[in-house]
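Residue numbers (the numbering used here): -1 to 189. Yeah, the Cβ is synthetic: ideal placement off N, Cα and C, and Gly gets one too. Quantities reported herein were computed from a predicted structural model and do not represent experimental measurements. These notes are about the structure you will find just below.
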Ligand code: 5GP
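Rendered as structure tokens:
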């Protein structure tokens, strides 16, 4: 059986990775499985533990680091986020295409650790910095201080594109999602 793809979708905070990911995941022909991350951040109102994230304490996150359980992990605006390693491998060995939606530092860790021709990475780029700011503000889930931190980080992150296979502009969610779907399909056809 062909090993499943490892698909990385990354890009600045607020670019709309979540929306694009959900649009891509609607395509059942791709046989995608979303890798649920672990985080120490507070759960937002509409989020569900075990669906959106595994919400854990700092101590539990640290235990997972100490036990080498993460494929990658990173600090992001005061909280930690990580990808459970075993689950990703298990699914890929079952031929499933595993989808990671992670921030840039973590994506760079994976890309420098795994040299695998069954991996494909996408950097999702906002059409402009203003568009990024509008999206972050529209979400209305964070305080002004956190918004400013995320914006500063986003600005810096918009230049960190060099290690990715593809840069995709999120001008329209459906269009960006379709571009990624087509590239995943093409990659999956290759031996
Ligand atoms: P949020 O707090 O908005 O859900 O996520 C903040 C950032 O962390 C987003 O850019 C999101 O893609 C990223 N993220 C989510 N899960 C992981 C993960 O497991 N590892 C890393 N490195 N980043 C993650």
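* DSSP state of residue 167 mapped onto helix, strand, coil -> strand
* Mind checking whether residue 152 and residue 11 have CB atoms under 8 Å apart? -> yes
* Reduced DSSP category for residue 75 - H, G, I as helix; E, B as strand; rest coil -> coil
* To do: Starting from residue 47, follow its DSSP beta bridges and name the residues at the other end.
  => 51
* Asked: Under the three-state reduction of DSSP, which class applies to residue 101: helix, strand or coil?
  -> coil
* Asked: From residue 73 to residue 104, what does the alpha carbon distance come to, in whole angstroms?
  -> 9 Å
* Is the distance from the Cβ of residue 165 to the Cβ of residue 109 below 8 Å? -> no
* To do: Quick one: measure Cβ to Cβ for residue 25 and residue 179, integer angstroms, because I've assumed they're closer than 8 Å.
  => 6 Å
* **Integer-rounded CB distance, given that residue 99 should sit under 8 Å from residue 15** => 5 Å
* **Same chain, Cβ closer than 6 Å to residue 175, neighbours up to 5 away in sequence not counted** => 18, 21, 22
* To do: List the DSSP bridge partners of residue 95.
  => 30
* Under 8 Å between the Cβ atoms of residue 191 and residue 2? -> No information on residue 191 is available, as it lies outside the stretch -1 to 189 that the chain covers here.
* Asked: By a C-beta neighbour count over all protein chains shown, 10 Å radius and 16 as the cutoff for buried, is residue 48 buried or exposed?
  -> exposed
* Close beta carbons around residue 13, own chain, < 8 Å, minus the five adjacent residues each side -> 122, 123, 124, 130, 133, 152, 168
* Please name the residue, chosen from 93, 52, 57, that lies closest to residue 82 on a Cα-to-Cα basis. => 52
* Since residue 80 contacts residue 36 with CB under 8 Å, what's their CB separation in whole angstroms? -> 5 Å
* To do: Label residue 55 either buried or exposed according to how many other C-beta atoms from any shown protein chain fall within 10 Å of its C-beta, with 16 as the threshold for buried.
  => exposed
* To do: With residue 3 as the anchor, note down where its beta strand (DSSP E) starts and where it stops.
  => First-last for residue 3: undefined, no H or E at that position.
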